[in-house]
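Per the working numbering, the very first residue in the sequence shown carries number 20; after that it's consecutive. Ideal Cβ positions, reconstructed from N, Cα and C, are used throughout, including at glycine. Predicted, not measured: the structure shown is a model, and the values here were computed from it. The next block holds one structure in the form of structure tokens; read it before the comments.
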Amino acid sequence: MESITLDGKTYKLEDLPSEGKLLARQATATQTHIKKLEARLAIANTAQSSYVDRLRKLATKTA
20 MESITLDGKT YKLEDLPSEG KLLARQATAT QTHIKKLEAR LAIANTAQSS
70 YVDRLRKLAT KTA
């Protein structure tokens with residue numbers, strides 16, 4: 020990561036103070052974590068949909 024864009028403006032990390040560099044790393048790490056959680060949520064939603072579909076089929080067979 021050599022630069023970061025905030026509100027449409029790009030900043031070079033080398034021009035930021037140490038705290039800015041740290042915050043940029045933390046923001047990037049947090050974004051990566053969010054993407055991983057979103058992927059896990061998509062998997063869970065797919066599983067839930069599958070379970071409900073299977074339950075619906077079983078319920079209509081016994082009704």
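Taking just the CA atoms, how far does residue j sit from residue i?
i: Thr49; j: Gln67; result: 27 Å
i: Lys54; j: Leu77; result: 35 Å
i: His52; j: Arg44; result: 12 Å
i: Ala63; j: Ser69; result: 10 Å
i: Asp26; j: Lys40; result: 17 Å
i: Leu42; j: Ala61; result: 28 Å
Whose C-beta lies closer than 8 Å to the C-beta of residue i among residues of the same chain, with five residues either side of it excluded?
i: Ser22; result: Thr29, Tyr30, Lys31 and Leu32
In its own chain, which residues sit with a C-beta less than 6 Å from the C-beta of residue i, not counting the 5 before and 5 after it?
i: Arg73; result: none
i: Ala58; result: none
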